[in-house]
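The sequence shown: position 141 = 140 (numbering that gives the first Met the number 0), numbered continuously.
Don't be surprised by glycine CBs; every beta carbon is placed ideally from N, CA and C.
Predicted model, so just to flag it, every value in this text is computed and none were measured.
A short worksheet on the structure shown next.
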Amino acid sequence: MTASASKTNSQRSGNTPQDIGIPERLLKHTVRYTDYQEIKRDDLTPMMRHYAEVKDAYPYALLLYRVGDFFETFFQDAIAIARELELVLTSKDAGKAIGKVPLAGIPHHALDRYCALLVEKGFAIAICDQVEDPAQAQGLVKREVTRVITPGTILEEGMLTAKRNNFLAALVIADKHWGLAHADVSTGEFFTTQGTAIDQLSQELMRLQPAEVLVPTNAPDLGALLRPGETSDNLPEGLPAQFCYTFRSQTPFTHAEAKQRLLQSYRVRSLEGFGCEHLPLAARAAGGLLHYVEDTQKESLAPLQPLSTYTTTEFLVIDHQTRRNLEMTQTVRDGIFHGSLLWALDKTTTAMGSRALRRWLLQPLLSIENIQERQETISELVDNGTLRQQLQLILKQIYDLERLAGRAGSGTANGRDLVAMAESFEKLPDLAALMAHAQSPHLVKLQIVPSELEQMGRKLRAHLVESPPLYLTDGGLIREGVNAHLDGLRDQVSSDQRWIANLEVTERERTGISNLKVGFNKAFGYYISISRAKSKQAPDNYIRKQTLTNEERYITPELKEREARILNAKDEINQIEYEIFLELREDVGQHAELIRKVAVNVAAADVLCGLAELAIYQGYCRPDIVQDRTLAIEAGRHPVVEQSLPAGFFVPNSTGLGYGETPDGRGGKAHPPDLIILTGPNASGKSCYLRQVGLIQLMAQVGSFVPAKSAVLGVCDRIFTRVGAVDDLATGQSTFMVEMNETANILNHATPHSLVLLDEIGRGTATFDGLSIAWAVAEHLASDIQARTIFATHYHELNELASLLENVANFQVTVKEMPDQIIFLHQVQPGGADRSYGIEAGRLAGLPPSVIKRAQQVMGQIEKHSKIAVGLRKGSVTKSSKKSKVQESSPDSQLNIFG
């Protein structure tokens with residue numbers, strides 16, 4: 000049971016039927032929720048006894064048990080789904096000694112829809128289906144659990160979000176080290192890694208946003224932190240509690256068991272090829288995850304791709320706070336996709352391309368060579384508009400091959416899925432022909448089409464009709480000419496149906512009854528209908544079948560013979576078609592790994608084609624990626640804000656940080672600082688400027704072109720942001736404490752190759768405390784760490800740092816002052832501001848005039864008495880050993896601001 004669901008259900012477990020809403024009419028005959036385990040199984044009916052046996056094997060899951068056209072649940076599961084799905088709760092007789100028990104069911108054809116709702120609520124679902132034809136069953140129909148659906152093991156298209164991965168993760172913690180594996184069962188991606196420090200593990204989980212996280216419950220390496228049945232409240236300190244944690248036996252997570260499972264599954268003798276032979280925790284996590292997938296998928300196991308080992312140091316590190324502050328995948332304010340960086344960049348045409356772009360964005364590259372490979376492909380597509388447009392046309396006709404291959408491999412693909420694959424395979428040769436003269440790395444990969452997929456596409460086309468039905472057992476799947484016996488049966492059915500179609504005409508002529516009709520219904524089959532007034536004219540070979548108010552219905556021996564022949568032939572036709580389809584699906588499933596390899600290349604081309612489109616229409620440039628610490632952006636723009644404004648409204652600004660040289664505007668060269676103190680009015684664009692610099696660096700390391708006139712960027716190891724803060728009431732932390740925690744994280748992890756973007760450090764406490772903290776933080780970043788930093792602040796006193804430290808410079812966002820208003824110019828220029836115009840911002844926001852007037856009076860008194868700036872200018876801040884220190888001073892006397 001997942002942690003979130005188990006916690007909820009454990010709270011419910013002590014409730015009485017009255018408490019959880021069982022209708023009054025059922026109370027006398029209902030087994031209590033808490034009494035279920037006490038039921039004597041011998042007292043149950045055979046079917047209910049089997050249900051109980053299956054439920055005992057899957058106590059953590061809601062058991063959906065196929066009965067006719069419904070999947071039914073009983074006992075506590077019925078109560079649960081009736082409540083969660085708002086279904087009518089009824090009852091069923093479970094045996095003379097038991098009486099009636101709760102019952103709730105869902106139609107079998109609505110299984111996916113209801114399962115999606117339950118999984119979204121954090122429940123695991125065991126599907127117990129009929130595995131033999133009820134018409135041929137002797138006694139109880141044979142039923143087995145064919146699949147267990149959990150939040151992290153979803154395959155069904157209707158339950159998945161097309162544009163993002165659905166990750167299942169597994170973690171192992173031991174001796175202050177951790178192993179983490181994650182897989183997307185629907186696409187086959189399978190990765191593992193190992194590291195130290197729980198905060199690294201937490202950040203990786205936050206990046207992945209897994210739908211479900213597996214944890215060994217009784218693992219000795221977790222000690223008393225986790226015990227069977229405990230919820231996410233008991234997870235090791237530092238792990239995110241918002242995910243669904245599923246607690247599993249530790250046995251599959253032991254090194255011996257996990258390694259053996261991996262070796263057997265991939266038929267290898269060593270884990271060296273996967274890169275985790277000497278990473279025991281990574282191997283343990285991967286083996287435990289693989290065991291869970293095999294256990295839940297049963298016969299529907301979708302093959303996972305070969306395991307790939309990675310390290311978090313292979314990519315630009317972006318912590319959760321930075322992802323949030325830069326609004327990479329969702330906005331801060333509303334938590335929605337629209338308005339995020341991903342929204343602005345996603346011009347892909349396929350679902351797999353959109354997922355790839357999300358992954359690239361969350362794992363920017365550190366390798367200049369790999370970055371340039373992506374840049375080369377974008378450049379070629381930018382330069383060759385015809386190639387780009389034709390590529391997009393073909394990509395629009397290719398379906399989600401990654402997930403289609405997964406459904407084929409798991410045996411859950413339907414006819415429409417295979418037709419979609421056939422159509423996609425047919426486009427691959429066209430794609431290869433289009434790329435015949437391409438030069439860039441990612442386009443060259445599309446030049447070769449595996450012959451197996453070409454043949455598979457032709458085979459699927461030759462076998463399957465263009466628009467197959469949704470349900471596989473309804474027939475109408477296979478074309479004519481595929482199977483001679485199938486064609487013969489179809490001819491026989493057609494002949495008999497023509498005979499029945501002509502029967503009405505021939506019988507009217509033979510009997511002379513002009514209103515004679517031939518009809519059909521499910522209850523009686525074919526029949527001949529004659530009005531009651533003319534029933535006496537019925538021939539002797541008519542056998543009366545039914546008498547109605549206005550008509551008599553008859554059958555004839557020959558009509559029943561034809562009907563039986565049609566029905567038997569149709570059943571055989573449907574069975575033959577189903578068997579042919581299963582062979583096709585199995586054949587496709589065996590090529591799942593090859594299909595996914597092709598899909599990865601197609602997805603990459605889709606991403607880069609979309610980025611090329613963006614570069615053209617938004618005027619992006621190709622950044623020059625270098626090894627040093629240079630950050631030189633000429634006329635940079637915010638990629639999201641720019642798209643949200645009318646064309647030409649965004650004011651571009653340049654940025655220079657690091658050791659590289661940049662034009663100084665006077666024909667010479669200047670050495671940019673390591674730290675910029677950025678001042679200026681409220682609402683003038685300081686936060687936008689900070690974010691645009693971070694986003695341009697991020698986009699460059701994804702391999703994208705960037706919104707600027709030109710850019711030279713050194714590879715960055717980490718991007719840190721501290722923009723705004725909120726209370727963290729769950730952990731009892733104030734706004735200021737959250738701010739300090741985030742700042743401490745930056746100071747403890749930043750390096751000279753990091754990019755640090757700070758907004759309003761120290762504003763959550765008293766003026767002297769805040770200014771002192773802001774000064775010390777800025778000084779530490781510039782002197783000790785020498786990280787490339789932009790420090791936006793309203794503490795104008797920090798401008799003094801530029802005169803004390805050589806690698807600090809002052810910049811301001813300028814305004815134009817008018818007699819009765821200010822105009823924000825949104826231009827960043829050298830020099831420090833000495834005013835913030837906060838009262839003017841309040842006026843623009845609509846504060847009452849009386850409040851504005853009084854604020855101006857108070858401000859005048861404060862400025863008259865304040866000696867902070869004077870103290871700084873007179874030397875209360877001194878330079879010592881290339882560092883500055885704030886000397887202690889007594890606070891000013893209380894100001895008289897009351898008139």
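Burial state of residue i, where buried means 16 or more other Cβ atoms lie within 10 Å
i    : result
Y211 : The residue asked about is misnamed: residue 211 is Glu in this sequence, not Tyr. By the 10 Å Cβ count, E211 comes out buried.
D783 : exposed
S513 : exposed
I335 : exposed
D539 : exposed
G845 : exposed
L117 : buried
D833 : exposed
S849 : exposed
N164 : buried
E862 : exposed
H277 : exposed
Other residues of its chain near residue i: CB distance less than 7 angstroms, five sequence neighbours each side excluded
i    : result
S534 : E551
G456 : A421, F424 and E425
Y577 : L471 and T472
E293 : L300
K544 : F523, Y526, R552, Y553 and I554
I822 : V814 and K815
R40  : R48 and A51
Sequence-distant residues of the same chain with beta carbon closer than 6 angstroms to residue i, five excluded per side
i    : result
E155 : D111
Q362 : F314
R717 : V316 and S753
L86  : A103
G511 : none
N806 : P672, D673 and A781
Q446 : A431 and M434
D92  : K99
I772 : G761
Distance cut-off 7 angstroms: residue i Cβ against heavy atoms of the ligand ADP
i    : result
V807 : This structure does not include the ligand ADP; it has no bound ligands of any sort.
Distance CB(residue i)-CB(residue j) smaller than 8 angstroms
i    : j    : result
A284 : H254 : no
T720 : N324 : yes
E796 : L780 : no
P449 : V597 : yes
Q193 : H176 : yes
L179 : A168 : yes
T72  : L84  : no
S709 : E633 : yes
I760 : T792 : yes
I565 : Q496 : yes
Q438 : E401 : no
I126 : P101 : no
L756 : L689 : yes
R387 : K162 : no
Residue nearest to residue i in terms of C-alpha spacing, selected from the options
i    : options                   : result
A500 : D539, L558, M455 and L463 : L558
D132 : K95, P751, G609 and G67   : G67
Q691 : K95, S653, V171 and Q545  : S653
S185 : Y619, A404 and G657       : A404
G410 : Q589, N514 and R373       : Q589
A682 : A786, S835, T308 and A355 : S835
I554 : R561, Y541, F74 and E562  : Y541
A749 : A777, R762, F767 and F735 : A777
I851 : L803, P209, E839 and G859 : E839
Beta-carbon contacts of residue i that lie in its chain and below 8 angstroms, excluding the five residues immediately before and after
i    : result
Q129 : R65, V140, K141 and R142
L871 : In this prediction, L871 scores a pLDDT of 44, lower than 50, which makes its location untrustworthy; the coordinate-derived value is nonetheless stated afterwards. Closer than 8 angstroms at Cβ, skipping near neighbours: E796 and E799.
C275 : T191, Q193, A281, A282, A285, L306 and T308
P468 : G414, G474, G475 and L476
Cβ contact check for the stretch 362-372 and the stretch 411-419: 3 or more pairs under 8 angstroms:
Below 8 angstroms, too few C-beta pairs join the stretch 362-372 and the stretch 411-419 to call them touching: fewer than three.
Within 8 angstroms, do at least three Cβ pairs link the stretch 569-577 to the stretch 473-480?
Taking 8 angstroms as the limit for Cβ pairs, the verdict is that the stretch 569-577 does touch the stretch 473-480.
Evaluate the contact criterion for the stretch 669-685 versus the stretch 606-625: three or more CB pairs, one atom per stretch, below 8 angstroms.
Counting Cβ pairs under 8 angstroms, fewer than three are found: no touch.
Tell me, please, whether the stretch 808-826 touches the stretch 689-704 by the rule of three or more beta-carbon pairs shorter than 8 angstroms.
They do not touch, by the three-pair rule.
Count Cβ pairs between the stretch 594-611 and the stretch 368-382 that sit closer than 8 angstroms; are there 3 or more?
Yes: at least three Cβ pairs fall under 8 angstroms.
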